[in-house]
Each structure stands twice: as structure tokens, then as C-alpha cells.
Amino acid sequence: MNQANNKSETALIAGIDALIRDVPDFPKPGIVFKDITPLLSNALHFAASIKFLADRCRAKDPQIVAGPEARGFLFGVPVAMAIDTGFAPIRKKGKLPYRTIEESYELEYGKDTVAVHADAFSPGQKVILVDDVLATGGTMAASKRLVEKCGATVVGAVFLIELGFLDGRSRLDGLPIESLIRY
Ligand code: AMP
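The opening residue of the sequence shown carries number 6 in the numbering used here; numbering runs sequentially from there.
Structure representation (C-alpha cells):
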């Protein structure tokens, strides 16, 4: 990449960063929620964020994109279209209509369960996971186990935002991880 490209990429990433709004104490006291709705409503920077995520996904040569509800859909679907793959939704338990495979994970209080359709991935298929935020990594670790239960392979995980201080990477067993903006 030449220097001019580098500069405009840096400016675009700074513009994307400026459109991520911190909402303190949501959904509970002490959590700073990274609100991506200002980014979604900005045509230039939303498109740029999809292009950057798509470039990082394409480099892993996946055959399908998968993302957890709901914000993983907002980024995962346009990325899948940009790299010419399909998309598999990862949903909370009880939402998918057909036969499902499930995986549970621990939350701070209690546990949660994610699910995919049993035929979402074919054996040996290369899957890339996409979401807006990597926080503790619990959601992505469960998503990875789901894909593997189907006999498919996770080739990487790509995020718009990584909350580095929560060290979500450590829960993902050395999986290649890319994030556009790290806090
Ligand atoms: P985790 O399983 O802890 O990595 O949390 C990941 C999921 O929770 C992602 O789908 C995020 O959308 C959401 N999430 C966690 N923490 C935040 C935060 N501070 N701001 C926005 N979304 C968050």
C-alpha cells in the first residue's frame, strides 16, 4: 500500500472511531456500551468499515461468514456480500425454526445459549466469524464451538471493535483475530 492510501485509510478509521458513541452505565452500572448506531447512519464511514472488515475476512479465504445476533448481522451480512459468500446467523436459543445445534456459555451471572441450524455449515467448510465487539470473548468462543460441532472449521474472527482490557483473545485458543479499532 502506498503512503497516500495509508493516510486515507488512517483518516477513515479515525472517522469510524469518532462515530462510535460511548454510553456509560448501559445496560448496567459500570459498563461503557459501544453504540455503533451513529456509524450505521453514516453512509461513507459505514461503507468504509464494511470494506475494511471484508478485506480482513477475504485474506482468510473463508467459504461462509457467520455472526451472532443482533449486531453481528449488521456487519456480517454486508461483509458476506462484499466477499461473495453466504451468511449463517448465530441466534439465541429458541429463535431458529428448524433443527438446531446449541452451545452454552457462562455469563457474569448465569449462562446463555447460542444456536445454529443443524445444516448451517457443511463438514470441512471454512467459516469466518464476524461481530461488532469482542469483549470477554464468551460469545465468540461458544460460536466457534458451534461451528466445530457441525464439523466445519473456523479460520478466524473479525471485529469492528476490540475491548483489549477484557482480553477476549485468551478465550479463543489462538484463533486468528482481527479488529479495526482497539480500546
Ligand atoms: P463477549 O461475549 O463478552 O465478548 O460479548 C460480546 C457480545 O456482547 C457482542 O455481541 C457485543 O455486541 C456485546 N458487547 C459486550 N460488551 C459490549 C460493550 N461494552 N459495548 C457494546 N457491545 C458489547
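All C-beta atoms, glycine included, are put in the ideal place defined by N, C-alpha and C.
This one's a predicted model, so the numbers in the text were calculated from it and none came from an experiment.
Between the region 79-86 and the region 129-149, the count of C-beta pairs closer than 8 Å reaches three or more; the two stretches touch. Under the DSSP assignment, Phe-80 falls outside any beta strand (DSSP E), being part of the alpha helix (DSSP H) whose first and last residues are 76-87. When distances are taken from the beta-carbon of Lys-100 to the heavy atoms of the ligand AMP, even the shortest one reaches 7 Å or more. Here Gln-68 has Thr-90, Gln-130, Lys-131, Val-132 as same chain residues with Cβ atoms under 8 Å from its own Cβ, once five neighbours each way along the sequence are excluded.
Per the C-alpha coordinates, the member of Thr-144, Ala-147, Gly-142, Ala-93 positioned closest to Asp-124 is Ala-93. In the structure shown, Ser-109 adopts extended strand secondary structure according to DSSP, grouped into three states.
Phe-126 has its alpha-carbon roughly 6 Å from the corresponding atom of Ala-157. If one requires a minimum length of 3 residues, the beta strand (DSSP E) runs lying completely within the region 23-70 are 26-29, 37-40, in chain order. At a threshold of 7 Å, Val-70 does not count as near the ligand AMP, since its beta carbon sits no closer than that to any of the ligand's heavy atoms. Spatial neighbours of Arg-187 in its own chain (CB-CB distance under 6 Å, excluding positions within 5 residues in sequence) are listed in chain order as Glu-167, Gly-169.
By the Cβ neighbour-count rule, Ser-184 is buried, with 16 or more other Cβ atoms within 10 Å of its own. Cβ-Cβ distances below 7 Å link Ala-140 to Leu-168, Leu-171, Gly-173 in the same chain, with the five nearest sequence neighbours on each side left out; the list follows chain order. Inclusion of Arg-76 in the 7 Å shell around the ligand AMP follows from its C-beta lying nearer than that to a non-hydrogen atom of the ligand.
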